[in-house]
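Read through the structure below, which is laid out as structure tokens, and then see the notes.
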Amino acid sequence: MPIATAKPAQSLLNPTDHALVLIDHQSQMAFATHSIDATLLRNNAGLVAHAAAEFKVPTLLTTVAEKSFSGPMFDEIKAAFPGQAAIDRTSMNTWEDVNVIQEVNRIGKGRIVFAGLWTSVCIVGPVLSAIDQGFEAYVVADASGDVSVEAHERAMQRMIQAGARPITSVQYLLELQRDWARTETYEQTTGIAKKLGGAYGLGITYAQTMFGGHEG
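For the sequence shown, my numbering assigns the number -6 to the initial residue and increments by one for each residue that follows.
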């Protein structure tokens, strides 16, 4: 019989064990995204970006044909990383861009969290490529989207079958916090949730405003 110990699973994320790669969250890509509402997509992508910034997760931003076709990255993401330039590419598969790979190697993390548009092209490509080269890959499903629900879901299944781990935006934030006794990041975590965490954030606002509620 196994013996339980009070420690987390190795597969759980923490702020120092991974890098975040945000791919092609751009206006032209969003226009044709129908697997998720555009407002929710922008909100979720912003939540993931702000969570990474607050927990100092090394983050790579990348776009495709920003000036000539796809437009700028979402403001919700840029606001989390003021002054950080995105690496612009011509390749649909981020992993085939030399500048991106140089940055991945510079960061030096064997575990990578991905999110972006579209799931079946610009996320499948780098996720499968990273796994093939020995990296662990996580995909933020609700900060990614595709031209249809079918396209998004089949892409998620394909990556999961290859070994990728699916997560959600709020899950990402709370997995980085993990313990409400970590008071040094409590205000940042609940602040992000209140601003970008949907109904969960409303609940925190209500509890804190009405009766001084405090998690932990």
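We put the beta carbon where it would ideally sit given N, CA and C, even for glycine. Only a predicted model underlies this, so the values are computations on that prediction, with no experimental measurement involved.
Glutamate 69 sits buried, since 16 or more C-beta atoms from the chains shown fall within 10 Å of its C-beta.
For leucine 40, the enclosing alpha helix (DSSP H) stretches over residues 31 to 47.
Taking the CA atoms as reference points, alanine 45 sits about 11 Å from threonine 182. Residue pairing by DSSP leaves methionine 203 without any beta bridge partner. For threonine 182, there is no enclosing beta strand (DSSP E); the residue is part of the alpha helix (DSSP H) that begins and ends at 179 to 189. For glycine 156, no beta strand (DSSP E) encloses it, and the DSSP letter there is neither H nor E. Aspartate 81: not part of any alpha helix (DSSP H); member of the beta strand (DSSP E) spanning 80 to 82, first to last residue. Remark: C-beta atoms of alanine 148 and aspartate 139 approach each other more closely than 8 Å. Here glycine 109 carries a strand assignment [DSSP, helix/strand/coil].
The shortest CA-to-CA distance from glycine 127 to any of Val133, Ala144, Gly101 is the one to Gly101.
For the pair threonine 55 and alanine 79, the CB atoms are nearer than the 8 Å cut-off.
In the three-state reduction of the DSSP assignment, leucine 166 falls in the helix class, which pools H, G and I. The beta strand (DSSP E) runs lying completely inside the segment 65 to 149 and spanning 3 residues or more are 80 to 82, 104 to 109, 129 to 133, given in chain order.
Shown here, glutamine 21 sits in a helix according to DSSP, grouped into three states. Alanine 136 is a Cβ neighbour of serine 162, given a cutoff of 8 Å. For valine 93 against leucine 53, the beta-carbon gap comes to about 7 Å, under 8 Å, which counts as contact.
Following the DSSP letters along the chain, one finds valine 14 inside the beta strand (DSSP E) bounded by residues 12 to 16. Under the DSSP assignment, threonine -2 falls outside any beta strand (DSSP E); it carries neither an H nor an E label. Inter-segment contact for the segment 12 to 19 and the segment 167 to 185 is absent: fewer than three beta-carbon pairs are separated by less than 8 Å.
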